[in-house]
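Here's the structure we're looking at; comments come further down.
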Amino acid sequence: MKNSEITALSAEELQEKLNTEKANLQTMRFAHAISPLENPMKIRETKRLIARLSTEVRRREIEANS
Numbered sequence: 001m002k003n004s005e006i007t008a009l010s011a012e013e014l015q016e017k018l019n020t021e022k023a024n025l026q027t028m029r030f031a032h033a034i035s036p037l038e039n040p041m042k043i044r045e046t047k048r049l050i051a052r053l054s055t056e057v058r059r060r061e062i063e064a065n066s
């Protein structure tokens with residue numbers, strides 16, 4: 001997901017996507033601990049997507065307060 005797509009999301013969609021990706025990351029970590037994932041780089045991509053989403057949430061909070 002590109003940054004332009006993230007900024008186009010509404011606040012509710014952003015929070016929903018963040019929660020979904022966090023759950024997805026946890027599932028992938030559990031699956032990887034039991035048996036190796038076919039593409040373990042997906043874990044890194046998911047972590048980075050979570051960071052991008054969290055950054056956008058925080059940016060909007062700061063804009064709302066100032």
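Residue numbers for the sequence shown follow full-length UniProt numbering, beginning at 1 and rising by one. We treat Cβ as the ideally placed atom computed from N, Cα and C, and that holds for glycine. If you're wondering where the values come from, they're calculated on a predicted model, not measured in any experiment.
May I ask which residues mark the beginning and end of the alpha helix (DSSP H) holding residue i?
i: residue 16; result: 11 to 34
i: residue 65; result: 41 to 65
Less than 8 Å between the beta carbons of residue i and residue j, yes or no?
i: residue 43; j: residue 28; result: yes
i: residue 46; j: residue 21; result: yes
i: residue 31; j: residue 37; result: yes
i: residue 11; j: residue 52; result: no
I need the straight-line Cα distance from residue i to residue j, nearest angstrom please.
i: residue 8; j: residue 65; result: 20 Å
i: residue 63; j: residue 40; result: 36 Å
i: residue 48; j: residue 6; result: 13 Å
i: residue 4; j: residue 18; result: 16 Å
i: residue 15; j: residue 23; result: 12 Å
i: residue 57; j: residue 35; result: 34 Å
i: residue 55; j: residue 2; result: 13 Å
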